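Colleague: In UniProt numbering, the protein residues as written are 1 to 182. Glycine residues also receive a C-beta, built at the ideal position from the N, C-alpha and C atoms. Note that the structure is a prediction, hence the values are computed from the model and not measured.
Here is the structure:
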């Protein structure tokens with residue numbers, strides 16, 4: 001090979017390598033809009049006060065392979081078992097299945113007493129094809145940031161007499177057929 005042919009071969013090899021590396025950087029995850037279209041994805045207990053609702057688009061690059069997420073933080077007057085049962089009923093009705101896992105919910109100890117008692121073990125994880133929805137009951141300490149960031153919602157929660165705060169988080173592990181075949 002002469003010098004020109006060698007340079008052309010080197011350039012072609014470089015371009016091919018770049019195409020292979022960058023080709024892996026496109027996302028196969030559903031868009032935020034596709035995730036919102038999954039039945040049950042935006043579930044919020046009836047009468048809840050929503051502190052915050054957010055969406056993060058999927059991201060795939062050389063350093064990370066992150067699915068998008070949908071998250072809602074809210075509060076309600078329902079008990080933890082009522083909240084979990086409602087989510088279980090609603091999600092099961094649209095094709096979700098309970099995943100292994102639960103959250104142990106402890107009643108706070110009376111003032112001056114050093115122990116708590118287990119009040120309930122509630123389902124907190126559901127799966128539907130490549131999607132996972134996690135329900136987390138939040139403590140007052142967990143909720144403090146949202147109260148400070150969203151004072152109007154905090155005032156509405158106080159007026160409503162909210163006793164249970166929770167977060168739902170939907171994430172994806174890959175291309176989700178239900179999201180792309182409406």
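1) Starting from the Cα of residue 92, find the closest Cα among 125, 76, 149 and 52 and give me that residue.
2) What does the alpha-carbon distance come out to for the pair residue 53 and residue 70?
3) Enumerate, from N- to C-terminal direction, the unbroken alpha helix (DSSP H) stretches of 4 or more residues contained entirely within the stretch 29-87.
4) Which two residues bound the contiguous alpha helix (DSSP H) that contains residue 154?
5) Please return the same chain residues whose Cβ sits closer than 6 Å to the Cβ of residue 127, not counting the five positions on each side in sequence.
6) Does the stretch 38-50 come close enough to the stretch 162-174 to have 3 or more Cβ pairs within less than 8 Å?
7) Which of helix, strand or coil does DSSP assign to residue 126?
8) From 136, 30, 131 and 59, pick the residue whose C-alpha is nearest to that of residue 72; which is it?
9) Out of 159, 48 and 164, which has the shortest C-alpha to C-alpha gap to residue 143?
10) Report the residue from 38, 138, 57 and 68 whose alpha carbon sits nearest the alpha carbon of residue 90.
11) What span of residues does the beta strand (DSSP E) with residue 137 cover, start to end?
12) Helix, strand or coil for residue 169 per DSSP?
13) Within 10 angstroms of the Cβ of residue 33, are there 16 or more other Cβ atoms? Answer buried if so, exposed if not.
14) Can the beta-carbon of residue 160 be found closer than 7 Å to that of residue 80?
15) Can you list, in chain order, the residues of its chain with a C-beta nearer than 6 Å to that of residue 56? Leave out the 5 residues immediately preceding and following it.
Modeller: Let me spell this out:
1) Cα-wise, what sits closest to residue 92 is 125.
2) 8 Å
3) 32-36
4) 151-160
5) 97 and 99
6) yes
7) Correct three-state label for residue 126: strand.
8) 136
9) 164
10) Closest option to residue 90, Cα to Cα, is 38.
11) Note, residue 137: beta strand (DSSP E), 131-138.
12) strand
13) Exposed.
14) no
15) 68 and 69
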